[in-house]
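To convert, count from 1 in the sequence shown and add 417; that's the numbering used here. Positions of the beta carbon are idealized from the N, C-alpha and C atoms, including for glycine.
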Amino acid sequence: MEHNILHPDFPEIPVQLIQWEQPDPWDIPLHSHEFDEILFFQKGGGVHMIGKKQFTLSDHQVHFIPRGIKHVLNREAQSSGFTLAFDRSFLEQHLQLFLQALPFYRKPVQFSYSIRASAFDRFLKYKNSIIDEISNSTNYFAQPLFLNYVSALLLELSKEIISQSEILDFHPRHKEIIKSFEEHLRKHKKLNELSQDFIASALCISSQLLYVVCKSYYGKNPKRVVDENMISNAKELLIKKTYNTQEVSDILGFSESSAFSRFFKRYTGISPSLFNK
418 MEHNILHPDF
428 PEIPVQLIQW
438 EQPDPWDIPL
448 HSHEFDEILF
458 FQKGGGVHMI
468 GKKQFTLSDH
478 QVHFIPRGIK
488 HVLNREAQSS
498 GFTLAFDRSF
508 LEQHLQLFLQ
518 ALPFYRKPVQ
528 FSYSIRASAF
538 DRFLKYKNSI
548 IDEISNSTNY
558 FAQPLFLNYV
568 SALLLELSKE
578 IISQSEILDF
588 HPRHKEIIKS
598 FEEHLRKHKK
608 LNELSQDFIA
618 SALCISSQLL
628 YVVCKSYYGK
638 NPKRVVDENM
648 ISNAKELLIK
658 KTYNTQEVSD
668 ILGFSESSAF
678 SRFFKRYTGI
688 SPSLFNK
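Here it is as structure tokens:
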């Protein structure tokens, strides 16, 4: 990898993915970058010094090297994996993600993560999709697909890291988002006002950031939180016995009462009419 450039096929996008060649062990002298790197070790073997910490490379590790941090990587021939390198502006300008939304930017910075094999397999699927779009860079849809797959890879990595954390120090900005999100749920009851994209737009944030914040705070994606809130609202209306199933369906913005009934039964195991008896 040339350490002074990012992706040549999409020069306006400050991001690059590099599949490591085999057999081609790296033995690069101590150096640093002006951009951030994430190294995905599918197969371990060797050592990696990041700052003053040394890590023995094992399967399914992920290493985060922030810009300006010196590191030296000595990997053995049997090791394999890939690198995602990007400028931080890419996160906010192209993915519309605040740095604090991604767990590897939290202080103190953690350089090495051990990843479950099942999660690493998902990383590889996104990596292969990214490479497909790089090889197809002249196609009109290649660049947006490239961005989406890189975004998905970073979010999948963040989800895995968060799932391994017992307690999260929630960022003040994220607390504000949760407060606004819950206020939106209190004020808006209709289905067409409760999609992830609609709520994100109303809160003036990206859908990706809303997803990350909800997963961090609730341990659930926005749709699950919205659906559970809607079920709670439906039960409250039905318990009052003032409204029948059709009227509750209309209040909640379903196109047909049958759609509402299927939705209600999927979460509760019984139909609205049976619940209302």
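Between the alpha carbons of residue i and residue j, how many angstroms are there, rounded?
{"i": "F677", "j": "L474", "result": "52 angstroms"}
{"i": "K456", "j": "V630", "result": "Just to set this straight, residue 456 is Leu in the shown sequence, not Lys. In a straight line, the C-alpha of L456 is about 24 angstroms away from that of V630."}
{"i": "K606", "j": "N565", "result": "30 angstroms"}
{"i": "L669", "j": "I616", "result": "16 angstroms"}
{"i": "K658", "j": "S666", "result": "14 angstroms"}
{"i": "F481", "j": "K637", "result": "25 angstroms"}
{"i": "Y635", "j": "S612", "result": "17 angstroms"}
{"i": "D504", "j": "N556", "result": "24 angstroms"}
{"i": "E451", "j": "F681", "result": "52 angstroms"}
{"i": "E493", "j": "F472", "result": "14 angstroms"}
{"i": "I363", "j": "E645", "result": "Given a span of 418 to 694 for the chain in the structure shown, any question on residue 363 remains unanswerable."}
{"i": "H591", "j": "V526", "result": "19 angstroms"}
{"i": "A569", "j": "Y543", "result": "7 angstroms"}
{"i": "Y522", "j": "Y628", "result": "17 angstroms"}
{"i": "I594", "j": "S618", "result": "12 angstroms"}
Over what stretch of residues does the alpha helix (DSSP H) that includes residue i continue unbroken?
{"i": "F680", "result": "S674 to T685"}
{"i": "S618", "result": "Q613 to L620"}
{"i": "S529", "result": "That residue, S529, is in no alpha helix (DSSP H); its beta strand (DSSP E) goes S529 to S531."}
{"i": "F692", "result": "P689 to F692"}
{"i": "S597", "result": "P589 to K604"}
{"i": "V630", "result": "S624 to Y635"}
Over the uninterrupted beta strand (DSSP E) stretch that includes residue i, give me the two end residues.
{"i": "R641", "result": "No beta strand (DSSP E) contains R641, which is instead part of the alpha helix (DSSP H) from P639 to I656."}
{"i": "Q478", "result": "Q478 to I482"}
{"i": "Y557", "result": "Unbroken run through Y557: none, as it is neither H nor E."}
{"i": "Y660", "result": "Note, Y660: premise wrong, no beta strand (DSSP E); not H, not E."}
Are the CB atoms of residue i and residue j nearer to each other than 7 angstroms?
{"i": "I486", "j": "G468", "result": "yes"}
{"i": "I532", "j": "V479", "result": "yes"}
{"i": "W437", "j": "F507", "result": "no"}
{"i": "L571", "j": "S597", "result": "no"}
{"i": "P639", "j": "T662", "result": "no"}
{"i": "A502", "j": "E454", "result": "yes"}
{"i": "L490", "j": "S575", "result": "no"}
{"i": "S496", "j": "G461", "result": "yes"}
{"i": "V432", "j": "V567", "result": "yes"}
{"i": "H477", "j": "A534", "result": "yes"}
In this structure, what does DSSP give as the bridge partners for residue i?
{"i": "R492", "result": "G463"}
{"i": "A502", "result": "Q433 and E454"}
{"i": "T473", "result": "V464"}
{"i": "H448", "result": "H488"}
{"i": "Y543", "result": "DSSP, once it has assigned bridges, lists no residue as partnering Y543."}
{"i": "S497", "result": "K460"}
Which whole-angstrom value is the C-beta distance of residue i and residue j, which I expect to be below 8 angstroms?
{"i": "I579", "j": "Y530", "result": "I579 to Y530, Cβ: 11 angstroms. No contact."}
{"i": "A536", "j": "E550", "result": "Actually they are not in contact, since the Cβ atoms of A536 and E550 sit about 22 angstroms apart, beyond 8 angstroms."}
{"i": "I656", "j": "Y684", "result": "So it is not a contact: roughly 16 angstroms between Cβ atoms."}
Return no unless some Cβ of chain D is closer than 7 angstroms to the Cβ of residue i.
{"i": "N553", "result": "The structure shown contains no chain D; it is built from a single protein chain."}
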